[in-house]
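> This is the structure I want to talk about, given as C-alpha coordinates.
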Amino acid sequence: MKRKLIAVTFIAILILIAATGCKSEGKQTLSILNYDIYMDKSLLSEFEKANNVTIKYDTYSTPEEMYIKVKSGASKYDLIISGEYMIERLIREKLINKLNFDNIPNYKYIGEDFKNHVYDPDNEYSVPYFWGTLGILYNKKTVDASSDSWAMLWDESHAQKIIMMDSQRDSFAAALKLLGYSINTVDEKELDEAKDLLIQQRPLVMAYITDGAPDIMINEEADMALVWSGEAVSAMAENENLDFVIPKEGSNIWIDAMVVPANSENQEMAERFIDFLCSTEATLRNINEVWYSTVHTEAIKLVDEELLNNPAFNIPKEDIDKMEMLRDPKEFIGLYTERWTELMAQ
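103 is the number of the first residue of the sequence shown in this note's numbering; add one for each residue after it.
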(Lines of atoms letter the chains of each structure in order from A and count residues from 1; the text may use other names and numbers.)
(Lines give C-alpha, C1' and ligand atoms only; values in the text may rest on other atoms or scores of the structure.)
Protein backbone atom coordinates (compact mmCIF):
# COMPACT_ATOMS: atom_id res chain seq x y z
CA MET A 1 0.00 0.00 0.00
CA LYS A 2 1.26 3.49 -0.79
CA ARG A 3 2.82 5.40 2.02
CA LYS A 4 0.75 8.44 2.70
CA LEU A 5 3.07 11.40 2.39
CA ILE A 6 0.52 14.14 2.93
CA ALA A 7 -0.68 15.37 6.28
CA VAL A 8 -4.39 15.68 5.56
CA THR A 9 -5.85 17.11 8.72
CA PHE A 10 -9.32 17.68 7.35
CA ILE A 11 -12.20 15.38 8.16
CA ALA A 12 -14.71 14.13 5.62
CA ILE A 13 -17.43 16.53 6.64
CA LEU A 14 -15.36 19.43 5.34
CA ILE A 15 -15.39 17.80 1.94
CA LEU A 16 -19.16 17.78 2.10
CA ILE A 17 -19.22 21.43 3.09
CA ALA A 18 -17.00 22.27 0.11
CA ALA A 19 -19.51 20.60 -2.18
CA THR A 20 -22.64 22.26 -0.85
CA GLY A 21 -25.17 23.78 -3.16
CA CYS A 22 -28.87 23.66 -3.88
CA LYS A 23 -30.01 20.10 -4.36
CA SER A 24 -32.19 19.26 -7.30
CA GLU A 25 -35.65 17.97 -6.63
CA GLY A 26 -34.98 14.96 -8.86
CA LYS A 27 -31.73 13.05 -9.10
CA GLN A 28 -29.57 14.28 -11.96
CA THR A 29 -26.80 12.33 -13.68
CA LEU A 30 -23.33 13.80 -14.06
CA SER A 31 -21.26 12.01 -16.72
CA ILE A 32 -17.49 12.30 -16.33
CA LEU A 33 -14.67 11.18 -18.65
CA ASN A 34 -11.19 11.04 -17.14
CA TYR A 35 -7.90 9.20 -17.32
CA ASP A 36 -7.88 5.97 -15.35
CA ILE A 37 -6.35 6.15 -11.85
CA TYR A 38 -6.60 9.93 -11.85
CA MET A 39 -9.01 10.77 -9.02
CA ASP A 40 -9.77 9.71 -5.47
CA LYS A 41 -12.98 7.81 -6.18
CA SER A 42 -14.35 8.44 -2.69
CA LEU A 43 -14.80 12.07 -3.73
CA LEU A 44 -17.39 10.93 -6.26
CA SER A 45 -19.66 9.34 -3.68
CA GLU A 46 -19.33 12.32 -1.35
CA PHE A 47 -20.32 14.74 -4.10
CA GLU A 48 -23.24 12.47 -5.04
CA LYS A 49 -24.59 12.52 -1.50
CA ALA A 50 -24.13 16.25 -1.03
CA ASN A 51 -25.79 17.17 -4.32
CA ASN A 52 -28.40 14.44 -4.85
CA VAL A 53 -26.75 13.45 -8.11
CA THR A 54 -25.65 10.17 -9.71
CA ILE A 55 -22.17 10.18 -11.24
CA LYS A 56 -21.40 8.08 -14.30
CA TYR A 57 -17.62 7.77 -14.46
CA ASP A 58 -15.85 6.57 -17.62
CA THR A 59 -12.11 6.38 -18.28
CA TYR A 60 -9.73 6.49 -21.23
CA SER A 61 -6.03 5.81 -21.79
CA THR A 62 -4.80 8.48 -24.22
CA PRO A 63 -6.01 11.94 -25.31
CA GLU A 64 -6.53 10.57 -28.81
CA GLU A 65 -8.91 7.92 -27.46
CA MET A 66 -10.79 10.62 -25.54
CA TYR A 67 -11.07 12.78 -28.65
CA ILE A 68 -12.63 9.97 -30.68
CA LYS A 69 -15.23 9.41 -27.94
CA VAL A 70 -16.15 13.07 -27.76
CA LYS A 71 -16.05 13.74 -31.50
CA SER A 72 -18.27 10.77 -32.32
CA GLY A 73 -20.98 11.94 -29.94
CA ALA A 74 -21.81 8.32 -29.19
CA SER A 75 -21.67 9.10 -25.49
CA LYS A 76 -22.51 12.44 -23.92
CA TYR A 77 -20.36 13.77 -21.10
CA ASP A 78 -20.74 16.72 -18.75
CA LEU A 79 -17.11 16.93 -17.66
CA ILE A 80 -13.85 15.86 -19.26
CA ILE A 81 -10.34 15.98 -17.82
CA SER A 82 -7.62 16.00 -20.47
CA GLY A 83 -4.36 17.52 -21.61
CA GLU A 84 -3.66 20.98 -22.89
CA TYR A 85 -3.00 20.20 -26.56
CA MET A 86 -6.22 18.22 -26.84
CA ILE A 87 -8.16 20.96 -25.06
CA GLU A 88 -6.76 23.40 -27.60
CA ARG A 89 -8.15 21.16 -30.33
CA LEU A 90 -11.54 20.83 -28.62
CA ILE A 91 -11.79 24.63 -28.39
CA ARG A 92 -10.84 25.04 -32.05
CA GLU A 93 -13.48 22.52 -33.13
CA LYS A 94 -16.11 24.08 -30.83
CA LEU A 95 -16.55 20.82 -28.92
CA ILE A 96 -16.46 22.41 -25.45
CA ASN A 97 -18.31 25.30 -23.81
CA LYS A 98 -17.13 28.41 -22.07
CA LEU A 99 -17.43 28.10 -18.29
CA ASN A 100 -19.46 30.20 -15.90
CA PHE A 101 -16.85 30.99 -13.27
CA ASP A 102 -19.51 32.34 -10.93
CA ASN A 103 -20.17 28.66 -10.21
CA ILE A 104 -16.48 28.00 -9.54
CA PRO A 105 -15.43 30.34 -6.69
CA ASN A 106 -12.58 28.00 -5.71
CA TYR A 107 -10.91 28.92 -8.99
CA LYS A 108 -9.21 31.59 -6.88
CA TYR A 109 -6.90 28.86 -5.56
CA ILE A 110 -5.48 28.03 -9.00
CA GLY A 111 -1.95 29.42 -9.27
CA GLU A 112 -1.27 32.18 -11.77
CA ASP A 113 1.52 30.11 -13.35
CA PHE A 114 -1.14 27.74 -14.65
CA LYS A 115 -3.40 30.33 -16.25
CA ASN A 116 -3.34 32.15 -19.60
CA HIS A 117 -1.48 29.43 -21.47
CA VAL A 118 -1.66 29.09 -25.23
CA TYR A 119 -4.29 26.35 -25.22
CA ASP A 120 -6.82 28.61 -23.43
CA PRO A 121 -5.23 32.08 -23.42
CA ASP A 122 -8.18 33.92 -21.91
CA ASN A 123 -9.07 31.20 -19.38
CA GLU A 124 -12.61 30.87 -20.65
CA TYR A 125 -12.93 27.13 -21.23
CA SER A 126 -10.87 25.24 -18.68
CA VAL A 127 -9.79 24.90 -15.06
CA PRO A 128 -6.35 23.34 -14.42
CA TYR A 129 -6.36 20.04 -12.51
CA PHE A 130 -2.77 18.74 -12.23
CA TRP A 131 0.49 19.36 -14.01
CA GLY A 132 3.68 17.45 -14.63
CA THR A 133 6.27 16.35 -17.11
CA LEU A 134 7.61 13.41 -19.06
CA GLY A 135 10.78 11.57 -18.11
CA ILE A 136 12.50 8.26 -17.51
CA LEU A 137 11.80 6.07 -14.48
CA TYR A 138 14.76 3.74 -14.00
CA ASN A 139 16.19 1.13 -11.67
CA LYS A 140 19.35 2.43 -10.02
CA LYS A 141 20.69 -1.12 -9.65
CA THR A 142 20.72 -1.82 -13.37
CA VAL A 143 20.84 1.54 -15.16
CA ASP A 144 23.61 4.12 -15.33
CA ALA A 145 21.75 7.42 -15.65
CA SER A 146 24.86 9.61 -15.67
CA SER A 147 24.30 10.54 -19.33
CA ASP A 148 21.11 12.35 -18.26
CA SER A 149 19.84 11.86 -21.82
CA TRP A 150 16.91 10.49 -23.77
CA ALA A 151 19.55 8.25 -25.35
CA MET A 152 19.13 6.00 -22.31
CA LEU A 153 15.97 4.65 -23.94
CA TRP A 154 18.04 3.50 -26.92
CA ASP A 155 20.70 1.67 -24.89
CA GLU A 156 21.03 -1.79 -26.45
CA SER A 157 22.35 -3.26 -23.21
CA HIS A 158 18.78 -2.97 -21.88
CA ALA A 159 17.10 -4.76 -24.79
CA GLN A 160 13.59 -5.97 -23.92
CA LYS A 161 13.84 -4.15 -20.59
CA ILE A 162 12.58 -0.78 -21.84
CA ILE A 163 8.95 0.36 -21.66
CA MET A 164 7.59 3.05 -23.96
CA MET A 165 4.23 4.82 -23.93
CA ASP A 166 1.39 3.73 -26.15
CA SER A 167 0.82 7.44 -26.78
CA GLN A 168 2.01 8.92 -30.04
CA ARG A 169 2.78 12.46 -28.89
CA ASP A 170 4.65 11.30 -25.77
CA SER A 171 6.79 8.68 -27.49
CA PHE A 172 7.50 11.03 -30.38
CA ALA A 173 8.45 13.71 -27.84
CA ALA A 174 11.29 11.55 -26.50
CA ALA A 175 12.67 10.94 -30.00
CA LEU A 176 12.25 14.54 -31.15
CA LYS A 177 13.99 15.94 -28.08
CA LEU A 178 16.87 13.49 -28.49
CA LEU A 179 17.29 14.77 -32.05
CA GLY A 180 17.18 18.39 -30.86
CA TYR A 181 13.81 19.18 -32.42
CA SER A 182 10.64 20.73 -31.05
CA ILE A 183 7.99 18.35 -29.77
CA ASN A 184 5.56 20.41 -31.86
CA THR A 185 7.38 20.19 -35.17
CA VAL A 186 5.36 19.73 -38.34
CA ASP A 187 8.47 19.42 -40.49
CA GLU A 188 8.13 16.11 -42.32
CA LYS A 189 11.89 15.53 -42.46
CA GLU A 190 12.22 15.95 -38.70
CA LEU A 191 9.23 13.71 -38.05
CA ASP A 192 10.66 11.05 -40.36
CA GLU A 193 13.94 11.16 -38.44
CA ALA A 194 12.03 10.71 -35.18
CA LYS A 195 9.98 7.85 -36.65
CA ASP A 196 13.14 6.13 -37.90
CA LEU A 197 14.69 6.51 -34.45
CA LEU A 198 11.64 4.91 -32.85
CA ILE A 199 11.68 2.08 -35.41
CA GLN A 200 15.36 1.55 -34.60
CA GLN A 201 14.42 1.35 -30.91
CA ARG A 202 11.54 -1.08 -31.48
CA PRO A 203 13.54 -4.33 -30.90
CA LEU A 204 14.67 -2.98 -27.52
CA VAL A 205 11.14 -2.29 -26.28
CA MET A 206 9.43 -4.74 -23.94
CA ALA A 207 6.02 -3.11 -24.37
CA TYR A 208 4.14 0.02 -25.40
CA ILE A 209 1.65 0.72 -22.60
CA THR A 210 0.01 3.67 -20.88
CA ASP A 211 -1.01 2.70 -17.35
CA GLY A 212 0.97 -0.37 -16.32
CA ALA A 213 4.57 0.83 -16.42
CA PRO A 214 4.87 1.79 -12.71
CA ASP A 215 3.82 -1.67 -11.52
CA ILE A 216 6.27 -3.36 -13.88
CA MET A 217 9.04 -1.11 -12.62
CA ILE A 218 8.09 -1.66 -8.97
CA ASN A 219 8.35 -5.41 -9.55
CA GLU A 220 11.75 -4.85 -11.24
CA GLU A 221 10.64 -6.60 -14.40
CA ALA A 222 12.01 -3.76 -16.55
CA ASP A 223 15.03 -1.49 -16.27
CA MET A 224 13.49 1.80 -17.40
CA ALA A 225 10.24 3.30 -18.63
CA LEU A 226 8.97 6.44 -20.29
CA VAL A 227 6.48 7.78 -17.74
CA TRP A 228 4.63 10.85 -16.56
CA SER A 229 6.08 12.38 -13.41
CA GLY A 230 3.23 11.37 -11.10
CA GLU A 231 3.71 7.74 -12.10
CA ALA A 232 7.35 8.10 -11.08
CA VAL A 233 6.44 9.55 -7.68
CA SER A 234 4.08 6.66 -7.01
CA ALA A 235 6.58 3.99 -8.08
CA MET A 236 9.48 5.54 -6.15
CA ALA A 237 7.37 5.44 -2.99
CA GLU A 238 6.99 1.68 -3.45
CA ASN A 239 10.55 0.74 -4.43
CA GLU A 240 13.61 2.59 -3.15
CA ASN A 241 15.69 1.29 -6.06
CA LEU A 242 13.77 3.46 -8.50
CA ASP A 243 14.63 7.01 -9.54
CA PHE A 244 13.46 9.53 -12.13
CA VAL A 245 15.36 11.70 -14.57
CA ILE A 246 14.18 14.57 -16.76
CA PRO A 247 16.72 14.38 -19.61
CA LYS A 248 19.05 17.27 -20.29
CA GLU A 249 17.71 17.77 -23.83
CA GLY A 250 14.44 19.00 -22.34
CA SER A 251 10.96 17.57 -22.10
CA ASN A 252 7.24 18.27 -22.18
CA ILE A 253 5.51 20.31 -19.48
CA TRP A 254 1.82 19.52 -19.45
CA ILE A 255 -1.28 20.80 -17.72
CA ASP A 256 -4.37 18.63 -17.47
CA ALA A 257 -7.56 20.62 -17.08
CA MET A 258 -11.31 20.24 -16.59
CA VAL A 259 -13.69 21.21 -19.40
CA VAL A 260 -17.40 20.91 -20.22
CA PRO A 261 -18.37 19.41 -23.61
CA ALA A 262 -20.62 21.41 -25.91
CA ASN A 263 -23.32 18.74 -25.76
CA SER A 264 -23.38 18.58 -21.95
CA GLU A 265 -26.88 18.35 -20.53
CA ASN A 266 -25.81 19.35 -17.03
CA GLN A 267 -23.25 22.15 -17.23
CA GLU A 268 -24.14 23.87 -13.97
CA MET A 269 -23.69 20.64 -12.00
CA ALA A 270 -20.41 20.01 -13.84
CA GLU A 271 -19.19 23.45 -12.79
CA ARG A 272 -20.23 22.73 -9.23
CA PHE A 273 -18.18 19.52 -9.35
CA ILE A 274 -15.19 21.43 -10.74
CA ASP A 275 -15.51 23.83 -7.81
CA PHE A 276 -15.64 20.89 -5.42
CA LEU A 277 -12.43 19.44 -6.87
CA CYS A 278 -10.78 22.86 -6.51
CA SER A 279 -11.36 22.93 -2.75
CA THR A 280 -8.24 22.52 -0.64
CA GLU A 281 -9.55 19.37 1.01
CA ALA A 282 -10.46 17.57 -2.22
CA THR A 283 -7.19 18.62 -3.83
CA LEU A 284 -5.16 17.13 -0.99
CA ARG A 285 -7.03 13.86 -1.24
CA ASN A 286 -6.47 13.77 -4.96
CA ILE A 287 -2.75 14.45 -4.54
CA ASN A 288 -2.61 11.60 -2.08
CA GLU A 289 -4.22 9.34 -4.67
CA VAL A 290 -2.57 10.31 -7.96
CA TRP A 291 0.79 11.82 -6.83
CA TYR A 292 0.93 14.52 -9.50
CA SER A 293 2.05 18.11 -9.02
CA THR A 294 -0.67 20.45 -7.82
CA VAL A 295 -1.87 23.72 -9.33
CA HIS A 296 -3.48 24.66 -5.99
CA THR A 297 -1.88 27.54 -4.05
CA GLU A 298 -3.18 26.45 -0.64
CA ALA A 299 -2.86 22.67 -0.95
CA ILE A 300 0.83 22.95 -1.84
CA LYS A 301 1.45 24.52 1.59
CA LEU A 302 0.12 21.37 3.28
CA VAL A 303 2.09 18.81 1.28
CA ASP A 304 4.58 16.78 3.29
CA GLU A 305 8.22 17.89 3.05
CA GLU A 306 9.33 14.49 1.78
CA LEU A 307 7.08 14.85 -1.23
CA LEU A 308 8.19 18.43 -1.82
CA ASN A 309 11.79 17.21 -1.89
CA ASN A 310 10.99 14.74 -4.66
CA PRO A 311 11.99 16.37 -8.00
CA ALA A 312 9.41 14.26 -9.81
CA PHE A 313 6.73 16.11 -7.79
CA ASN A 314 8.35 19.49 -7.18
CA ILE A 315 10.01 19.83 -10.57
CA PRO A 316 13.15 22.03 -10.50
CA LYS A 317 12.98 25.37 -12.31
CA GLU A 318 16.11 24.58 -14.31
CA ASP A 319 14.28 21.61 -15.80
CA ILE A 320 11.07 23.57 -16.41
CA ASP A 321 13.05 26.20 -18.31
CA LYS A 322 13.99 23.53 -20.89
CA MET A 323 10.44 22.26 -21.39
CA GLU A 324 7.83 22.81 -24.07
CA MET A 325 4.07 22.50 -23.89
CA LEU A 326 2.46 20.28 -26.52
CA ARG A 327 0.34 22.16 -29.05
CA ASP A 328 -2.52 21.08 -31.26
CA PRO A 329 -0.91 20.43 -34.68
CA LYS A 330 -4.22 21.36 -36.33
CA GLU A 331 -4.32 20.26 -39.97
CA PHE A 332 -0.93 18.59 -39.55
CA ILE A 333 -2.17 15.98 -37.03
CA GLY A 334 -2.01 13.35 -39.77
CA LEU A 335 1.76 13.74 -39.94
CA TYR A 336 1.99 12.25 -36.44
CA THR A 337 -0.79 9.69 -36.82
CA GLU A 338 0.55 8.24 -40.07
CA ARG A 339 4.04 7.79 -38.68
CA TRP A 340 2.75 6.33 -35.42
CA THR A 341 0.67 3.81 -37.35
CA GLU A 342 3.75 2.86 -39.36
CA LEU A 343 5.76 2.38 -36.15
CA MET A 344 3.09 0.21 -34.55
CA ALA A 345 2.99 -1.96 -37.69
CA GLN A 346 6.66 -2.92 -37.31
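All C-beta atoms, glycine included, are put in the ideal place defined by N, C-alpha and C.
1. For residue 364, which option in 350, 186, 194 has the closest C-alpha, if you only look at C-alpha atoms?
2. If you reduce the DSSP assignment to three classes, tell me which class residue 427 lands in.
3. Answer yes or no: do residue 139 and residue 335 have a C-beta to C-beta separation smaller than 9 Å?
4. How big is the Cα-Cα spacing for residue 356 and residue 240?
5. Only counting the same chain, and skipping five residues up and downstream in sequence, which positions put a Cβ closer than 8 Å to that of residue 176?
6. Looking only at its own chain, which residues have a Cβ that is under 6 Å from the Cβ of residue 324, when we skip the five neighbours before and after it?
7. Round the Cβ separation of residue 137 and residue 162 to the nearest angstrom and send it over; I've been treating them as touching at under 8 Å.
8. Taking the straight line between their C-alpha atoms, what separation do you get for residue 148 and residue 398?
9. Report the three-state DSSP secondary structure of residue 142 (helix, strand or coil).
10. If you scan the region 214 to 299 from start to end, which runs of the alpha helix (DSSP H) of 4 or more residues do you find wholly inside it?
11. Report the rounded CA-to-CA distance for residue 178 versus residue 199, giving the unit in angstroms.
12. May I ask you to report which of helix, strand or coil DSSP gives residue 354?
13. Could you give the distance in angstroms between the alpha-carbon of residue 145 and the alpha-carbon of residue 259?
14. Is the beta carbon of residue 281 less than 9 Å from the beta carbon of residue 292?
15. What are the boundary residues of the alpha helix (DSSP H) that includes residue 130?
16. Report back the beta-carbon spacing between residue 340 and residue 320 to the nearest angstrom; my notes put them in contact at under 8 Å.
17. By the 10 Å Cβ neighbour count, where 16 or more other Cβ atoms means buried, how is residue 405 classified, buried or exposed?
18. State the Cα-Cα distance for the pair residue 215 and residue 283, rounded to the nearest angstrom.
19. Once DSSP output is grouped into helix, strand and coil, what is the label at residue 52?
20. What do you reckon, are the CB atoms on residue 380 and residue 227 nearer than 9 Å?
21. Looking at the secondary structure, which residues open and close the beta strand (DSSP E) in which residue 327 lies?
22. In whole angstroms, what separates the C-alpha of residue 306 from that of residue 401?
23. Just grab the DSSP bridge partners of residue 336 for me.
24. List the whole-angstrom C-beta distance separating residue 225 from residue 377, where the pair is believed to meet the contact cut-off of C-beta under 8 Å.
25. Given a threshold of 16 other Cβ atoms within 10 Å of its Cβ, counted over all protein chains shown, does residue 420 qualify as buried or as exposed?
26. Under a three-way DSSP split, which group does residue 415 fall into?
27. Does DSSP classify residue 185 as helix, strand or coil?
28. Could you give the residue range of the alpha helix (DSSP H) that holds residue 169?
Taking the geometry as given:
1. 194
2. coil
3. If you check the CB distance, residue 139 and residue 335 do not come in under 9 Å.
4. 21 Å
5. So no residue of the chain qualifies.
6. 263, 265, 308, 318
7. About 7 Å; that satisfies the 8 Å criterion.
8. Taken atom to atom, the span from the alpha-carbon of residue 148 to that of residue 398 is near 21 Å.
9. coil
10. 270 to 280
11. Those two C-alpha atoms are separated by around 14 Å.
12. strand
13. 45 Å
14. yes
15. Counting along the chain, residue 130 falls outside any alpha helix (DSSP H), though it belongs to the beta strand (DSSP E) covering 130 to 137.
16. 5 Å
17. buried
18. 25 Å
19. Nothing in the structure corresponds to residue 52, since the chain is present only between 103 and 448.
20. no
21. Counting along the chain, the beta strand (DSSP E) containing residue 327 begins and ends at 326 to 330.
22. C-alpha of residue 306 to C-alpha of residue 401: approximately 41 Å in a straight line.
23. Looking at the DSSP assignment, residue 336 forms no beta bridge with any residue, so it has no partner.
24. At roughly 15 Å, the Cβ-Cβ gap does not stay under 8 Å, so residue 225 and residue 377 are not in contact.
25. exposed
26. coil
27. strand
28. 165 to 174
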